[in-house]
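Engineer:
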Amino acid sequence: MSDNPVLMLFLPLALAVVMAGLGLHLTLADFRRVLAMPRAVAVALAVQVLLLPPVAFGLAKLFGLPGELALGLVLLAASPGGVTANLFSHLARGDVALNISLTAINSVLALLTLPVWTALALSVFLGTEGSVPPPTRKIIEVAVLVVAPVALGMALRAWRPALAAAAEKPVRLLSSLLLGALIVMAFVSEWDIVRLYAPVVGLACVLFNLASLLSGYFVARGVRLAEPQAIAIAFEIGIHNGTLAIFIAIEVLGRDAASIAPAIYALSMYLTGALFAAWLLHRGKARPA
């Protein structure tokens, strides 16, 4: 999203620390439990793959976005959940094991679905056709950033359970502070992009973010999934991997302007995600036990 060296160094380090902290709360039993709930996985993948890309197409048409900006919005919709989805889910008391499992499954599935939706967007918005190679390398990078730190945290919990339990509150506080720092740094670093393009594509990005979060949550609740699973699904399909969409726009398609919508989204999602998490926590406190 930026060539700012401080942000480029801080972002992966911060996310690695957060993911290791999430691992402190997980055991292999949590993932075995995920395998026993195929309905939750099916709901999340159906909304991600079948519902959200058409929503992006519709918003691009509704707002009359120029071709490459519209392409960027579809790239975003077809991208799997980002690493920060796991952090938001953790802070909102979601099922983090389900999040991590969905990130893995959705990332592999995106190797097939993302090129299809991208090719369709190229045809619809730019009148061009062509094969889009799957972003294998970037998917592997995401997997490493998620899996390795989580595995370290889980190992510490298995070997030193008392230490893992004692670290729960400090790690949750650290995660909140890191998220706040990321929001500030991202907006400061990308302020020129925000100022120039937010009037053109900003509202479409925010509406798409809200549509993703709300559809994930309410579809999951509508099919009677438990609250933690609904929260996990909401963030998994509501916090898209903007970095992956930007990578495809610039490095794979060679269309720099298609990276603008994912960049604007990657900034706005921090605020909408934080507000949505706060709403979920308030809703949980107000709900009768």
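The opening residue of the sequence shown carries number 425 in the working numbering; numbering runs sequentially from there. Note that beta-carbon positions come from the ideal geometry of N, C-alpha and C, so glycine has one too. Here the structure is a predicted model, which is why all the values come from computation and not from measurement.
From the DSSP output, read off the bridge partner residues of Gly505.
Structural biologist: Looking up residue 505 in the sequence shown gives position 81. Partner(s): His664.
Engineer: From which residue to which residue does the alpha helix (DSSP H) around Leu677 run?
Structural biologist: To locate residue 677, count along the sequence shown from 1; it is residue 253. Note, Leu677: premise wrong, no alpha helix (DSSP H); not H, not E.
Engineer: Taking the alpha helix (DSSP H) that Gly640 falls in, what are its first and last residues?
Structural biologist: To locate residue 640, count along the sequence shown from 1; it is residue 216. Residues 627–646.
Engineer: If you compare alpha carbons, which of Ile684, Ala701, Leu668, Ala687 is closest to Leu535?
Structural biologist: In the sequence shown, the residue the question calls residue 535 occupies position 111. Looking at the Cα atoms, Leu668 is the closest of the given residues.
Engineer: Can you tell me where the alpha helix (DSSP H) holding Leu587 begins and where it ends?
Structural biologist: Stepping through the sequence shown from its first residue, residue 587 is reached at position 163. Per DSSP, Leu587 belongs to the alpha helix (DSSP H) from 585–590.
Engineer: Could I get the ranges of all uninterrupted alpha helix (DSSP H) runs contained in the stretch 450–499, with 4 residues as the minimum, in chain order?
Structural biologist: Complete alpha helix (DSSP H) runs here, min 4: 452–459, 462–470, 476–486.
Engineer: Buried or exposed for Thr508, please, with buried defined as at least 16 other CB atoms from any protein chain shown within 10 angstroms of its CB.
Structural biologist: Taking the sequence shown and counting its residues from 1, one reaches residue 508 at position 84. With 16 or more other Cβ atoms within 10 Å, it is buried.
Engineer: May I have the straight-line CA-CA distance separating Ala673 from Ala586, to the nearest angstrom?
Structural biologist: The residue labelled residue 673 in the question sits at position 249 within the sequence shown. The residue labelled residue 586 in the question sits at position 162 within the sequence shown. Distance between the alpha carbons of Ala673 and Ala586 is about 46 Å.
Engineer: Can you give the Cα-Cα distance for Ala713 and Arg707, rounded to whole angstroms?
Structural biologist: Taking the sequence shown and counting its residues from 1, one reaches residue 713 at position 289. Taking the sequence shown and counting its residues from 1, one reaches residue 707 at position 283. At Ala713, the pLDDT of 44 sits below 50, so the modelled position is not reliable and the matter cannot be decided from this model.
Engineer: Roughly how many angstroms lie between the CA atoms of Pro623 and Leu691, to the nearest whole one?
Structural biologist: Locating residue 623 in the sequence shown gives position 199, where the first residue counts as 1. Locating residue 691 in the sequence shown gives position 267, where the first residue counts as 1. Rounded to whole angstroms, Pro623 to Leu691 spans 14 Å at the Cα level.
Engineer: Mind checking Asp519: buried by the 16 CB within 10 Å criterion, or exposed?
Structural biologist: Here residue 519 corresponds to residue number 95 of the sequence shown, with the count starting at 1. Label assigned to Asp519: buried.
Engineer: Would DSSP call Asp616 helix, strand or coil?
Structural biologist: For the purposes of this step, residue 616 is taken as residue 192 along the sequence shown, with counting starting at 1. Helix.
Engineer: Can you check which of these residues, Ala572, Ala501, Ser547, is closest to Ala528 by C-alpha distance?
Structural biologist: For the purposes of this step, residue 528 is taken as residue 104 along the sequence shown, with counting starting at 1. When each option's Cα is compared against that of Ala528, the closest is Ala572.
Engineer: Which two residues bound the contiguous alpha helix (DSSP H) that contains Pro539?
Structural biologist: For the purposes of this step, residue 539 is identified with residue 115 of the sequence shown, where counting begins at 1. First-last of the alpha helix (DSSP H) with Pro539: 520–550.
Engineer: Can you give the Cα-Cα distance for Ala545 and Gly678, rounded to whole angstroms?
Structural biologist: Against the sequence shown, residue 545 aligns to sequence position 121. Against the sequence shown, residue 678 aligns to sequence position 254. Ala545 and Gly678: Cα-Cα distance of roughly 15 Å.
Engineer: Tell me which residues share the same chain as Ile670 and place their Cβ nearer than 8 Å to its Cβ, disregarding the 5 neighbours each side in the sequence.
Structural biologist: In the sequence shown, the residue the question calls residue 670 occupies position 246. Met425, Ser683, Pro686, Ala687, Ala690.
Engineer: Can you give the Cα-Cα distance for Phe549 and Val498, rounded to whole angstroms?
Structural biologist: Position 125 of the sequence shown, counted from the first residue, corresponds to residue 549. Position 74 of the sequence shown, counted from the first residue, corresponds to residue 498. Distance between the alpha carbons of Phe549 and Val498: 10 Å.
Engineer: What whole-angstrom Cβ distance do Gly505 and Ile661 have, given they're in contact under 8 Å?
Structural biologist: The sequence position of residue 505 within the sequence shown is 81, counting from 1. The sequence position of residue 661 within the sequence shown is 237, counting from 1. Yes, Gly505 and Ile661 are in contact; Cβ-Cβ is about 6 Å, under 8 Å.
Engineer: Considering only the beta carbon of each residue, do Asn523 and Asn510 sit closer than 8 Å?
Structural biologist: In the sequence shown, residue 523 corresponds to position 99, counting from 1. In the sequence shown, residue 510 corresponds to position 86, counting from 1. Yes. Within cutoff.
Engineer: For Ala453 and Leu705, what's the separation of their Cα atoms in angstroms?
Structural biologist: Counting from one through the sequence shown, the residue named residue 453 turns up at place 29. Counting from one through the sequence shown, the residue named residue 705 turns up at place 281. So the alpha carbons of these two residues sit roughly 25 Å apart.
Engineer: Do the CB positions of Asn633 and Met578 come within less than 8 Å of each other?
Structural biologist: Stepping through the sequence shown from its first residue, residue 633 is reached at position 209. Stepping through the sequence shown from its first residue, residue 578 is reached at position 154. Cβ atoms of Asn633 and Met578: not closer than 8 Å.
Engineer: Would you call the CB atoms of Ala701 and Leu515 closer than 8 Å?
Structural biologist: Taking the first residue of the sequence shown as 1, we reach residue 701 at position 277. Taking the first residue of the sequence shown as 1, we reach residue 515 at position 91. Closer than 8 Å, so yes.
Engineer: Out of curiosity, what's the CA-to-CA distance linking Leu500 and Asp616?
Structural biologist: Here residue 500 refers to the residue found at position 76 of the sequence shown. Here residue 616 refers to the residue found at position 192 of the sequence shown. Cα to Cα, the separation comes out at about 21 Å.
Engineer: Gly697: which of Val676, Gly640, Glu651 sits nearest, CA to CA?
Structural biologist: Against the sequence shown, residue 697 aligns to sequence position 273. Among Val676, Gly640, Glu651, the Cα nearest to that of Gly697 belongs to Gly640.
Engineer: Return yes when the Cβ of Ser525 is within less than 8 Å of the Cβ of Asn665, no when it is not.
Structural biologist: Translated into the one-based positions of the sequence shown, residue 665 becomes position 241. Translated into the one-based positions of the sequence shown, residue 525 becomes position 101. It is not a contact, given that the beta carbons lie outside the stated cut-off.
Engineer: At the level of alpha carbons, what is the spacing between Val467 and Val540?
Structural biologist: On the sequence shown, position 43 is the one that residue 467 refers to. On the sequence shown, position 116 is the one that residue 540 refers to. Those two C-alpha atoms are separated by around 20 Å.
Engineer: Would you mind giving the Cβ-Cβ distance between Gln653 and Ala484, rounded to the nearest angstrom? I have them listed as a contact below 8 Å.
Structural biologist: The sequence position of residue 653 within the sequence shown is 229, counting from 1. The sequence position of residue 484 within the sequence shown is 60, counting from 1. Not really, about 31 Å apart at Cβ, beyond 8 Å.
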